[in-house]
Every structure is written in structure tokens, then in C-alpha cells.
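For reference, each letter of the sequence shown is one residue, going 986 to 1804 in the numbering used here.
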Amino acid sequence: MLHEKAVCVVGKRTDQLIFVRGQPEAFDIVGRLRLWVGHKYLSRRLLDDRACDAALERILRALGREAYDPVALTDRLLPVLDAADEHIIIERRFEPEYYRKFVTSMITQFDVEAKGFEIQAESASPEGILTFSELAGSVPAEDLFGNEVLPENREMVVFEPRFKYGDQDFGMGSAGEVRGNSCRMEEKDGNYIFYKTVRATKLEDKILTILKKIGLEFIHGKMAMPKTQAFEWMGIHEDYLKENKIQLRQKARADGKLYHIGQAQISIEINENIDWFDVQAMIKFGVYLVPFAKIRKLIISGKTEFELPNGEIAVIPSSWFVNYSELFNFIEERSAEQLVLRKHHLAFARELQNGELIKLNLSLKLERLRNFDAINDYEVPASFEGSLRPYQHAGYNWLRFLNEYQFGGCLADDMGLGKTVQTLALLAHEKEENPGFASLLVMPTSLIYNWELEARKFTPDLKILVYSGTQRIKDPWKFRGYDVVLTSYGIVRLDIDILKEFYFNYVILDESQAIKNPTSNIALAVNKLKSKRRLILTGTPVENGTMDLWSQNKDKASRLHAMIKPFILRRLKSQVAKDLPEKLTNVKYSDMTEAQEKVYEEVKSYYREKIIGELDGMGRGSQQFMLLRGLTQLRQIANHPKLVRDDYEGESGKLEDITYMLQETISEDHKVLVFSQFVRHLSIVREFLDREGIPYAYLDGSTKDRQGQVEKFQTDPDVKVFLISLKAGGVGLNLTKAEYVFLLDPWWNPAVEAQAIDRAHRIGQENKVIIYKFITRGSVEEKIMALQDRKLALAGELISNEESFMKSLDNEDIRALLD
């Protein structure tokens, strides 16, 4: 019995399909469909052509384009069969379509018993094929991969596993989808043969497991991967796929070209030279050697593909971008044949060596750099007049260490810790070891005079040239006769075509944040300067705070720290407090602006005529009154002309320096007391703080809530500035949080000035204090300081106020002040 042969089981129903082909009696009958459902036999017969047409049409419409299980098939065909009398008769002219569309579909999905035609079942082991193609940019990722969303504008490759049976291959299909068989039909002389391929799903699963072991897991029968990563993956696993008889097959690109498949090789060797490292590299794609310079340019520009001589397209491995991008950016092309790496990239090269990415050949001397913490102790040059504090001597040792290995560096000590004196000690050594080689010091214009004074004080043997002003001689060969050339950033920008012609021993940048924007004109100019070594000085190596640099990514922070460790030395004031005196005083000289100097000269000329012209005939009392008035106005103008002229619209050189140093101190997270004898001067500084949104405390003689202002400064971490009138602050304030003191203008007697400061902040209770005295160069302030030193040596503490100071002046002193 036919129904006893179970073919497909769905639930508890057993279904069998039987197709019969014959030629009954007088009718032009082609075929008869019989459907056995359970124990019920259905057979319908239709004799006229019109009914035959309609029946076939209904069958094909019932099937549609879908694949059915037996239950679904029964549900669709029963109404068709019920509409007929006994059989569905297929007219001969519909025979090809009937077999092609209906019978082929049934044979593919079910076990079929055929009468009048032949079915040949083919079963074999599948051959694994892994196809890959570029993901079309116009196809949204989710259309192909369900819930997987791919980044926009990213080149992707799609992998698809296929299974080959003879000359047919099949896809994996979507998750949960039944992997169906296949059937093809051949017709010869009116006879039909159906070749059915039965898929070996267990063997297909083994192939999928092999692919899963090497990282491919398929969603809806496909998997996407970034292009560079995909080709690197294929290069790495190509042999593994061959061993497991899985063929890689690619679809041609839109331009008809094929991709190169194979493992790319890179070999980089770095050898030490005198002033740099020589770089030798070999890159190979298959049998082709590729010029290193070409790959370097592609990686730097972010391009991933290039054409090989055989016309194939090679894709640069993604790991090369990760591992070598930084190195390729650091490498310089001296010529078509010479690639070099600067020696200060040693730590980075060593890191690549540790990761087995390059081969690094170093001398024993450079190998010592592994023990960077053990720096030699060098003697300070005999020509250096003065003594270095312990941390300053350590800084000098570090500078000598860099010098010995021909490295540059960044000395980034806190403000006031003596970067200038450490640098001068190094330059004194250079004069002894390499006489006749000039070094260039570049700084803001306002610092040139300070450097000149410090050099005269500590290194009087150094021959100093100040290359500044409109009268400068624009001849680089003139530098040959000097040890140190002092100039400003502005002059470097203007005279770079002259300065770049001279090869300096050192180029040293003070306040180097001036070149923080690498595309600025001054930064571009400075980079054109030629020198054997380079050094930068700054109190703020990272202006937004070092946490911004270190906190972003711990792994990268660790790498960065290792790379820069030998080349940056930064000591905070708190770290060297034990080496500091209770009070450390620095004098900061400022230059007047042109407008400020014009006002100053007008007022000075007026009082010089008034006083010096009648000096011998003027009574002592009148003379002192007129002199005090004139000196006071000149001191005020040296601060800011607005102190005497409300309509003044120009700038003040001293104010520019004060505000700059205030910002630097705040950025280093220090608290500062700002003293002035002139309340109007404090008001001008106050206006600046208000404009910049910098919180502060304020105290002058009119302040009612004195203690409230003190507590604000002492307890609020955001309040780092306390503006104080010198007289108002001289009475019993407890300001132990201050680390810096700015004296905006000198008092008549430094001893009284110091006493007022001592009473104000209780030096020594919590913090050691660095004091800055701001003096306008070429003004009466500078002359008063010189007189103070001489008078105090003679009179000691007898000079305690303006009156006693005036009484101590003779006619020669007065002429000197007003000169």
C-alpha cells in the first residue's frame, strides 16, 4: 500500500505525493495528480481543455513561489482537488510548465514516487567555499545583517559560506531557515529526468565549525568585517583554509580587478648613527617587494589600497596602521635612499622593539638609557658665580645628561624655581667645552632684560648679544663672536630668513607656550632655526592641566609617559620645598609700552625742569615736597598711566606681565597675594580678573568685611588671588595658604615692605613663599632700588618711610632719579 510508506512527518500526519504520467484511452491526457493524505485518497479527473487550463492555473497559483511543508501543501491543494470531479488532467501543451514549476518544486522538498518519468537522487560530501565581496555603500547594513549596525562611511567586506555539490553550490541561509535540497530537470525526446541533490547538513555544519574556530560567525548567512582587517585575516588564515579544503573565492570589483590574497610581510631595522637613527625596511606582498616610502605615504594619508605589478589590488593590513602609524610619522626622508629617525624617539623605538615589531641596534652608550634614573653628578663650571640649590643641581645634571646624548628637552619647573639659572649653568659649561659656538635664546620681549641681568650676575664670562630693537645689525655672521644671543619671538618671526642661515649650538625657547599652535607664524619660524640641540623652558607644559593629558586612556598614558620621561623634567614647588628658603625673592623687570613711555617722559621732563633747575636755591622742605610729588607720579606711570591720567587709552608693559604671570600661577594651582601701595593700581588688576571671570578676594582700607575676605581666600579652592593694599594688609592677617606674593610696586624701604608681608601671611606656617617684585625698566622704580641698596648699607633701618628716604637724598641722588 502506498500510504504505508511514510515520507514526511509533520505533527501526527503522514503524507505521500505520487505523480503518474500516462496516456489513458481516447483523451490527450498528459498526467494525473494523486494526493494521499493520511488514509484518505483524493483523485480528481477533468476532461475538457478549459477545465484543464483552469486547474493548472489554480495549482500554480496555490503554490505561488514559496516552499511548503506537507501540511501547508495539503491545505493549499485540497480546495483545488475538491473543485474537480475525479482527477486533475494536465493537457500536453502545459506539460513543460507543469513539470518545471510544480513537479520540480515538489521533488526538491519531498520524497516523491514517480511513474512515467525518472528521479535520480545525488548525495555527496560538500566542498566548503568562503566567498567575499565588498559591501555596496548603497545597501544599509541592517538589510543584510538584521540587528547588526555598521559604522557609516567605513569600507567593509562581506564573507558568505557556500557548499558545493558537484557543479552546484548552496548558501547557508538565515538563522532558523531549513537548508533545502535542490532539483534540476532535463527533457530529452519527450522524456523527463529529475536530478535531485540531497544536502549533507551535518558535513556542512562541520565546515561552519571550522570557520567559527578562526573567528567567523555568520548572521543570516553572512558576516561583515572592515576591509583592512578582512584582508589581513585572509592572509593569516589562508593556509589553514587550504588545509581544511575550504576554497576562498572573490567576486570581482566594479572595475573588474581582483584583490591580492596572501600574507603581507614587513621587516624594519633601526641602526644608530651619530646624530640620528638610520631606518631600513623591507615590505613584501606575495612575490612582490614594495618600496617602503610608498607604503609609508599611504599609511600616513590613511589610504589602504594600491595596485601590484600583476594588476591585483593589495590591501594594507589593519595592524600596520595600529602598530606603525606613529613611527611612519616620525620617520624623515633625507633622500630617496635615506630614511632617518631622530634620536629623541628612542623610547618609542624601544617600545616597538619590545613588541617585536622592529629590530633595534644600539651602542652600549645608548643602552645605558634603560637606566635613565641613574644620572651622573656633574660639576658646575668654575666660571659660574653662585650656588645651585640641590634640586637646581639635579636639573643641571639632567641638562648635562641630555647634552651628553645629544638630546633636546623641556625644563618645566614651577614658576620661580630657577629655570634661568639652571640654563645659564649649562651654557657656561658649553663655553668651556665648545668655545666659539653661539646659542640662541628666544623669549618674550619683556624677559630679555631679565635674562641679561641674570647672565651678568651668574655667568659674567659669557659674551652676550642682545639681538633686538630697530638698531640691530641684521648679519648672522656677527653671532660668531658671542656665546649667547638673546632675542624675542617677534624678532625671530621678522628675521627668520636671516636667523635660519646660522647654525647655533643650542636654540632655547623661554616661555615656549608661545609656539603651542604649530600652524602659527611664530611656530613655523622657530622650526626653521638650525641648531645642534634644542631646549624649551616653560612653567606650564600642559596648559589645561596635566590630568587632561594623563586621564584620557591609561594604556596610552603609560606609553606616552615612557616616551617623554627622559626629555621632560618638571618639579613642583611642593616637591622641592625642603630645598627652598623661607622666602625666595625674584625681581621681574618690565618694559614700558611706547604710549606709556611717552607719558612717562613728559611728566619726568616737567619735574626735572621744576626741581633740578632750582635745586640749589630751593628750600629743603619745598624741595622734598616737590620731589615726593614728582617721584610718586613717575612711580604711578611706571605701573600704569591710568593712575594719573583717566583719559589714557594705551597699555602698560607691567600690567601685561602681571596678568600673564597671574594666569600662569593659577594654571599651576597655586595661591597668590598681590600687594600694591596704590589702590587704583589694584582696581586695574581687579578689572582684568573680572573680565576673565577669575574669582578673587580683595582688601583695602575701605573694606569692612576683612575677615570674610580672608576666609574666602583661605577656604575656597577656586579663589587663588588676593588683592591687598600694602598698608591695609600690614595689620595681623593670617594668610597661610599663599605660596606666591606679587609686589606690584616697590616701597621706599624694603625692610618695612618685608615686615608688612611677614605680618600679612605668616611666612613659614604652612608654605614657603616665592616673592616677585615687579619693576619697570628704565623708570624711577629701578633707580630707587639701586639707591635703596646703597642707602640701606649706610643707614640700616633708619630709612623707614618716604620722609626719611627723602632726607637721605643729596643733590646728586636727585639728579640721578630725574635723569
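All C-beta atoms in this analysis are idealised placements derived from N, C-alpha and C, irrespective of residue type, glycine included. These numbers come from a predicted model, not from an experiment.
DSSP, read as helix, strand or coil, puts residue 1389 in helix.
In this chain, residue 1087 is not harboured by any beta strand (DSSP E), its DSSP state being neither H nor E.
One thing to note: residue 1302 has its Cβ within 8 Å of the Cβ of residue 1249. Annotation: the continuous alpha helix (DSSP H) that includes residue 1338 extends over 1331–1339.
Cβ atoms of residue 1211 and residue 1290 stay farther apart than 8 Å, at about 13 Å. Secondary structure at residue 1192: helix, using DSSP grouped into helix, strand and coil.
With 16 or more other CB atoms across the displayed protein chains lying within 10 angstroms of its CB, residue 1576 is buried. Apart from sequence neighbours up to five positions away, the residues of its chain that approach residue 1403 with a beta-carbon distance below 6 Å are 1377, ordered along the chain. Residue 1261 has 1327 as its beta-bridge partners, per DSSP.
Classified as buried, residue 1366 has 16 or more neighbouring CB atoms from the shown chains inside 10 Å of its CB. With a minimum length of 4 residues, the unbroken runs of alpha helix (DSSP H) contained wholly in the region 1615–1684 fall at 1638–1652 and 1664–1677. According to the DSSP assignment, residue 1310 belongs to the alpha helix (DSSP H) that extends over 1303–1315. Its Cα nearest to that of residue 1518, the residue 1260 stands out among 1260, 1679 and 1246. In this structure, residue 1446 and residue 1485 do not form a Cβ contact; the two beta carbons are roughly 28 Å apart against a cut-off of 8 Å. Residue 1592 sits close to residue 1615, with the two beta carbons spaced by under 8 Å.
For residue 1581, the enclosing alpha helix (DSSP H) starts and ends at 1579–1597. In the DSSP assignment, residue 1154 falls within the beta strand (DSSP E) that extends over 1153–1156.
The alpha helix (DSSP H) runs lying completely inside the region 1409–1497 and spanning 4 residues or more are 1433–1443 and 1474–1484, given in chain order. For residue 1373, no beta strand (DSSP E) run applies, since DSSP gives it neither H nor E. Per DSSP, reduced to three states, the secondary structure at residue 1080 is helical.
In terms of Cα proximity to residue 1802, the closest of 1323, 1689, 1620 and 1395 is 1620. When 1255, 1231 and 1318 are compared, the shortest CA-CA separation from residue 1336 is found for 1255. If you draw a straight line from the Cα of residue 1150 to the Cα of residue 1085, it comes to about 21 Å. Taking all protein chains shown into account, residue 1348 has fewer than 16 neighbouring C-beta atoms within 10 Å of its C-beta and is therefore exposed. The residues 1311, 1312, 1315 and 1548, in chain order, have a CB closer than 8 Å to that of residue 1333 in the same chain once the five nearest residues on each side in sequence are set aside.
By the Cβ neighbour-count rule, residue 1410 is buried, with 16 or more other Cβ atoms within 10 Å of its own. If you draw a straight line from the Cα of residue 1696 to the Cα of residue 1753, it is about 20 Å long. With a 10 Å radius around the Cβ and a threshold of 16 neighbouring Cβ atoms, residue 1618 comes out buried. With the rule of 3 Cβ pairs closer than 8 Å, the region 1701–1708 does not count as touching the region 1627–1646. If you look at residue 1699, you'll find it isn't in any beta strand (DSSP E); it sits in the alpha helix (DSSP H) that goes 1691–1700. Excluding residues up to 5 positions away in sequence, 1300 lie with their Cβ nearer than 6 Å to the Cβ of residue 1216 in the same chain. Secondary-structure assignment with DSSP links residue 1292 through a beta bridge to 1298. Residue burial annotation: residue 1700 is exposed, with fewer than 16 other C-beta atoms found within 10 angstroms of its C-beta. Residue burial is scored here from C-beta neighbours: residue 1307 has fewer than 16 other C-beta atoms within 10 angstroms and is therefore classed as exposed. DSSP links residue 1725 through a beta bridge to 1657 and 1755.
Pairing residue 1284 with residue 1309 gives a Cβ-Cβ distance under 8 Å.
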